[in-house]
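S.K.: The structure follows.
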Amino acid sequence: MLQAIAVPFSDCACPGECGRPDWGEDGTEVDADDGGAWGERAICRTADPDELFVDGAAQSRAKAVCTGCPVRMECLSYALDKRIEHGIWGGMTERERRALLRRRPTVTSWRRLLESARVEHDRQSEAHRDSTGGWGAAG
């Protein structure tokens, strides 16, 4: 099975070359405009498509492209909200996303959930940093 990386079709890492639409769970083409401008900042935009469209064990290398991507959360939430079946999105494989969707069937907006989790994480990190006098402070 062919795997794809991370951005809406209009922002594909190989614009104009692959011609491959992204398909939602219902078999309809995913609306590329729903991805917003975040795809333009995705690390995978500059990656070699031959290294990104993989399956099997090569998925680990493809997922590594997502490490440190500034729009990883947006990418993942897009794929989860749209129920995109194929490819690596936000550092998760198709199988990993399906498992997550099964574990959390009541989530109506992954974007909202992941954004609120990020805000809470940032708040807790800042509180910890303030209470310790910085990240490197010895206790």
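Numbering (the numbering used here), first residue to last: 96 to 234.
We treat Cβ as the ideally placed atom computed from N, Cα and C, and that holds for glycine.
Would you mind listing the alpha helix (DSSP H) stretches within the stretch 130-175 that are 4+ residues and don't spill past its ends, in chain order?
M.R.: Taking only runs of at least 4 residues, the alpha helix (DSSP H) segments lying wholly in the stretch 130-175 are 144-147, 154-159.
S.K.: Measure the alpha-carbon distance for G151 versus R213 and round it to whole angstroms.
M.R.: For G151 and R213, the distance between alpha carbons rounds to 30 Å.
S.K.: Taking the alpha carbon of E169 as the reference point, which residue from R199, D217, A132, K158 has its own alpha carbon closest?
M.R.: If we check each option's Cα against that of E169, A132 comes out closest.
S.K.: Among the residues of its own chain, which have a CB less than 7 Å from the CB of A174, if the five just before and after it don't count?
M.R.: Cβ within range, chain order: W184, G185, R192.
S.K.: Along the chain, where does the alpha helix (DSSP H) containing E180 start, and where does it finish?
M.R.: Where E180 is concerned, there is no enclosing alpha helix (DSSP H), given that its DSSP letter is neither H nor E.
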